[in-house]
Amino acid sequence: MQMPVPDFHILNRKAEIVTRLQEVLPMDAVIHEPNETRVYECDALTAYKCPPLAAVLPRNTQEVSAVLKVCYEIGVPVVPRGSGTSLAGGALPTMDCVILGVARLNNVIETNYADRYIRVQSGRTNLSVTGAVEVEDFFYAPDPSSQLACAIAGNIAMNSGGAHCLKYGVTTNNLLGVTMVMMDGTVTEVGGPYLDAGGLDLLGLICGSEGQLGVVTEATLRILRKPEGARPALIGFASNEVAGACVSEIIKAGVLPVAIEFMDRRVLEVVEKHAKAGYPECEALLIIEVEGSEAEIDMQLGLIRQIAATHHPVDFRESKSEEESAAIWLGRKSAFGAMGQINDYMCLDGTIPVSELSYVLKRIGELSDQYGLGVGNVFHAGDGNMHPLILFDANKEGDLDLCEAMGAEILKLCVEVGGCLTGEHGVGVEKRDLMYAQFDPIDMEAQLRVKDVFDPSWLLNPSKVFPLNVTETRRSARD
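Sequential numbering from -2 applies to the sequence shown in our numbering.
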């Protein structure tokens, strides 16, 4: 992967930049020694690393504004960072940038159960949002696999989803408002504690913008009442393709589970050793969870059992206790971490029409044979959000290049069947050179013009989302 040429004028002014930042932040909030900035040199896409010029850890919107004003005046690029769990290189630094971490912005500002919203600082972790309201039997719906660690800021940047997004939607469906700081330090409020704001849908523009438009410091989120009950079921199949066909039939029948998750044999074997979830022996497994009263749950699972029977499952098992349900979901949530213990891998994020699941899984298997790289499939099958894990050896010369080439073929396949490059991980650096596979030049120019309006100097989260030659040309034209 090509990295941008750093601005050596900025690099040579490091001492001055650090001093200016220390003037607007407490001393412990400015990190600039090389041995300390190393922790910020990559995110969860660890195949690529680059040390930043410095990193800052503000505690509130005013401090974020002060930092951005300093960087804007000097012309220093800024890379916003949540918890560093991005799988697309969304928080990868450049040598001449300042990392702006929001980890210390982690307070609950307001909770309103009557109107069903919570307002938090954007560095608060996803799971802790539910933790703040579950005492009143409420929850925050989006649940990425990294929810224990990932920050709301990153969820907003990438429009993250999770296992339960089939029923409850992704971040954009649960985001009501934000406080955002522009690159020049201007603080703006978009949306608020109500379902739909008047005027242009700027909130829809900001959610999923990958830190290209501003730095979100506070968020107003929709919270929901916990359902009366929930029950997952495990359905094992003799092949990936048959499991994919079953998912398509369930969705076509009009049944709406809260989640449909998929894992193939390669992932199942690793996860079972790691989490001991009690998964059945099979080539492909679906975890299907439904919600409601006991009567509603029985009715929905009965319909699902009828549909599954036409695809000849090797096992159909309903959870019989809360402990068993917890074990089932622990295994699924542990999948990425468990796979990382046995192999280097690149996790893709293409999204396809559910009706194409069977075909795409077959083609992924063929590409695996063609490139000679193993693949583990674990993903949100209900909405077609694919997460193939391409296994490679980071210490073997050429393996990463081979992995990237195979990944590009899979993502192009997703677009070809009517899907898109990303469902929740974002474009980051991983998919930036594939943007023209999905967007024609006119579509791309429209996106570039939006960036021009919000960040005319092109200083926010450089070298992400758009092909590098496009962003370098755009930035040079603004200098």
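Virtual Cβ for every residue (Gly too), placed ideally from N, Cα, C.
Segment contact: the segment 56 to 70 against the segment 106 to 113, fewer than three CB-CB distances shorter than 8 angstroms; contact not assigned. Across the set Thr214, Arg78, Pro55, Gly87, the C-alpha of Thr214 shows the shortest separation from the C-alpha of Val117. In the structure shown, Asp295 falls within a helical segment according to DSSP collapsed to helix, strand and coil.
Three or more beta-carbon pairs drawn from the segment 189 to 205 and the segment 151 to 164 are found closer than 8 angstroms, and the two stretches are therefore classed as touching. DSSP lists Glu286 as the beta-bridge partner residues of Ala256. With three or more CB-CB distances shorter than 8 angstroms, the segment 384 to 395 counts as touching the segment 336 to 345. DSSP, read as helix, strand or coil, puts Leu65 in helix.
The Cβ neighbour count for His377, taken over all protein chains shown within 10 Å, is at least 16; the residue is labelled buried. For His271, the three-state secondary structure derived from DSSP is helix. In this chain, the alpha helix (DSSP H) harbouring Glu401 covers 396 to 413. Ala26 and His422 have their C-alpha atoms roughly 28 angstroms apart. Leaving aside the five residues that flank Leu265 on each side, the residues in its chain whose CB is nearer than 7 angstroms to its CB run, in chain order, Tyr276, Leu282.
The three-state reading of DSSP puts Asn374 in strand, counting E and B together. By the Cβ test, the segment 301 to 317 is in contact with the segment 243 to 251, since at least three Cβ pairs between them sit closer than 8 angstroms. Within a 10 Å sphere around the beta-carbon of Pro139 sit 16 or more other beta-carbons, which makes this residue buried. DSSP places Gln(-1) outside both helix and strand once states are collapsed to three, so it counts as coil. One thing to note: Ala129 has its Cβ within 9 angstroms of the Cβ of Val105. Apart from sequence neighbours up to five positions away, the residues of its chain that approach Cys162 with a beta-carbon distance below 7 angstroms are Pro139, His377, Asp380, ordered along the chain. Taking all protein chains shown into account, Ala323 has fewer than 16 neighbouring C-beta atoms within 10 Å of its C-beta and is therefore exposed. Fewer than three Cβ pairs drawn from the segment 438 to 452 and the segment 184 to 191 lie within less than 8 angstroms of each other, which leaves the two stretches out of contact. Per the C-alpha coordinates, the member of Ala272, Phe451, Lys461, Leu300 positioned closest to Leu199 is Phe451. Burial is judged here by how many other beta carbons sit within 10 angstroms of a residue's own beta carbon; Ile439 has fewer than 16 and is exposed.
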